[in-house]
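Going by my numbering, the sequence shown opens with residue 10, and the numbers climb by one from there. Don't be surprised by glycine CBs; every beta carbon is placed ideally from N, CA and C.
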Amino acid sequence: MILSIESSCDDSAIAITEIATKKLIFHRKISQDAEHSVYGGVVPELASRLHALALPKLLESVSEYLPHVKAVAVTNEPGLVVSLVEGVSMAKSVAIALNVPLIPVNHLVGHIYSLFIEKETQIPLDVLLVSGGHTQYMRVSDMQNVELIAKTMDDSFGESFDKAAKMLGLGYPGGPLIEEWASRGDENAYELPVALQDNRLAFSYSGLKNAFRLKIEEEGELDEAKKANFAASFQKVAIEHLIFKIKQIVRDRPPTLLGVVGGAAANKRLRSELNVLSEKYRFELLFPKMEFCSDNAAMIGRVGVEAYEKKLFKNYTNFDVASRANF
Ligand code: KG4
Ligand code: ZN
10 MILSIESSCD
20 DSAIAITEIA
30 TKKLIFHRKI
40 SQDAEHSVYG
50 GVVPELASRL
60 HALALPKLLE
70 SVSEYLPHVK
80 AVAVTNEPGL
90 VVSLVEGVSM
100 AKSVAIALNV
110 PLIPVNHLVG
120 HIYSLFIEKE
130 TQIPLDVLLV
140 SGGHTQYMRV
150 SDMQNVELIA
160 KTMDDSFGES
170 FDKAAKMLGL
180 GYPGGPLIEE
190 WASRGDENAY
200 ELPVALQDNR
210 LAFSYSGLKN
220 AFRLKIEEEG
230 ELDEAKKANF
240 AASFQKVAIE
250 HLIFKIKQIV
260 RDRPPTLLGV
270 VGGAAANKRL
280 RSELNVLSEK
290 YRFELLFPKM
300 EFCSDNAAMI
310 GRVGVEAYEK
320 KLFKNYTNFD
330 VASRANF
């Protein structure tokens, strides 16, 4: 079995995956949403301290499997460094205690493999990652060959929903809240700009964020109806920009398969717009199970199984954490 640990942002998670069958034997996550919601975003020191409290509890809950563990897989990049070190330190200690190899896992590769939990891989494929930390379009030929086609120049898609929700005083995380409020609003109530209407293969959300702030300030006091209209108008334009850019990418080189991963892959409006695009450009769409869209350790374990078979181990002394991705 593979023991996997994830702590790259504000979720502490652990999983046990059977190597031969890829079966997910156990997975559990302790989220910090409630603690960070007071601040409208993730507070790094608080995240780190909460991981230090949660990770040993999670480890305790898998104690019966520890004698069967053949390797420990852990997220070591990219992410919040003070969060990553908590998971990596625990992983190193457990691996030393059990005398098993360690597998460092790139969080983004983890999200890609959330598509293949308890399944065989379907590679090559293109992957759109939309989360709180990332917005990127990747071409994946294997787990060590990920070509970045487009990424955000500033804020990420999920982050922009978090910031918009904060401006409207809706809470955190903003994605599901904006989506819910949007369902009661008029998406044409406020006109907001769609970014980068040129040929650049990149995403950008800071312009929309600023325009949104100005519109809110212009409006003054907000009642429930206005908040719903703001949420709907924001969601419409945020998705329109994403779809506009993806269209530019797939128009020239349509994939046969596009996987859509990350916390924001749960957005229903985004899913339906991607469906329209997939019919037009004739490609298949693949989504992870809803519970594996957001950060989890099952996806890290699935990478762990693949890496174990390829013997991609690293000595505990020669890998560190990193805030940026090194593919
Ligand atoms: O993948 P994830 O759990 O964590 C990161 O690695 O960032 O993604 C969380 C992000 C948050 O920014 C959250 O607001 C966003 O995904 N999100 C959504 C939705 N559900 C979560 N954004 C838009 N629509 C949603 N339904
Ligand atoms: Zn993530």
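{"Item": "Alpha carbon of residue 246 to alpha carbon of residue 225, nearest angstrom", "Value": "15 Å"}
{"Item": "Proximity below 8 Å, CB of residue 317 to CB of residue 11", "Value": "yes"}
{"Item": "Inter-residue CB distance, residue 29 and residue 310 (contact presumed, cutoff 8 Å)", "Value": "Contact flag wrong, Cβ pair sits at about 14 Å."}
{"Item": "Cut-off 6 Å between Cβ atoms - residues of its own chain near residue 26, not counting five sequence neighbours on either side", "Value": "11, 33, 310 and 314"}
{"Item": "Environment of residue 126 [buried if 16+ CB atoms lie within 10 Å]", "Value": "buried"}
{"Item": "Check: residue 140 C-beta below 7 Å from any heavy atom of the ligand KG4", "Value": "yes"}
{"Item": "Validate contact between the region 61-79 and the region 96-107 using beta carbons, cut 8 Å, 3 pairs", "Value": "yes"}
{"Item": "beta-carbon residue 216 near the ligand ZN non-hydrogen atom, thresh 7 Å", "Value": "no"}
{"Item": "Proximity test, residue 178 beta-carbon vs the ligand KG4 heavy atom, cut-off 7 Å", "Value": "no"}
{"Item": "Ranges of the beta strand (DSSP E) found wholly within the region 266-295, counting only runs of at least 3", "Value": "266-270 and 293-295"}
{"Item": "Residue nearest to residue 41 in terms of C-alpha spacing, selected from 35, 49, 56 and 278", "Value": "56"}
{"Item": "Beta-carbon contacts of residue 197 that lie in its chain and below 6 Å, excluding the five residues immediately before and after", "Value": "none"}
{"Item": "Supposed close pair residue 270, residue 121 - CB separation, criterion 8 Å", "Value": "6 Å"}
{"Item": "Residue range of the beta strand (DSSP E) that includes residue 149", "Value": "144-151"}
{"Item": "Identity of the residue in 71, 240, 141 and 227 nearest residue 187 by Cα", "Value": "240"}
{"Item": "Cβ pair count under 8 Å reaching 3, the region 214-223 against the region 246-263", "Value": "yes"}
{"Item": "Under the three-state DSSP convention, the category residue 78 falls into", "Value": "coil"}
{"Item": "Check: residue 42 C-beta below 7 Å from any heavy atom of the ligand ZN", "Value": "no"}
{"Item": "Alpha-carbon spacing of residue 288 relative to residue 333, whole angstroms", "Value": "35 Å"}
{"Item": "Proximity test, residue 116 beta-carbon vs the ligand ZN heavy atom, cut-off 7 Å", "Value": "yes"}
{"Item": "Residue range of the beta strand (DSSP E) that includes residue 134", "Value": "134-139"}
{"Item": "Inside the region 174-226 only - alpha helix (DSSP H) runs reaching at least 4 residues", "Value": "183-191"}
{"Item": "Per DSSP, cross-strand counterpart(s) of residue 58", "Value": "Its beta-bridge partners do not exist; DSSP assigns none."}
{"Item": "Under the three-state DSSP convention, the category residue 22 falls into", "Value": "strand"}
{"Item": "Three-way DSSP call (helix, strand, coil) for residue 298 in this model", "Value": "coil"}
{"Item": "Nearest residue (CA-CA) to residue 276, options 182, 205, 292 and 322", "Value": "182"}
{"Item": "Residue 304 Cβ short of 7 Å to the ligand ZN heavy atom set", "Value": "yes"}
{"Item": "Of the residues 303, 139 and 327, the one placed nearest residue 16, counting alpha carbons only", "Value": "303"}
{"Item": "Any non-hydrogen atom of the ligand SAH closer than 7 Å to residue 120 Cβ", "Value": "As far as ligands go, the structure on display features the ligand KG4 and the ligand ZN and does not contain the ligand SAH."}
{"Item": "Residue 163 Cβ short of 7 Å to the ligand KG4 heavy atom set", "Value": "no"}
{"Item": "Reference residue 213; option with closest CA among 238, 207, 165 and 199", "Value": "165"}
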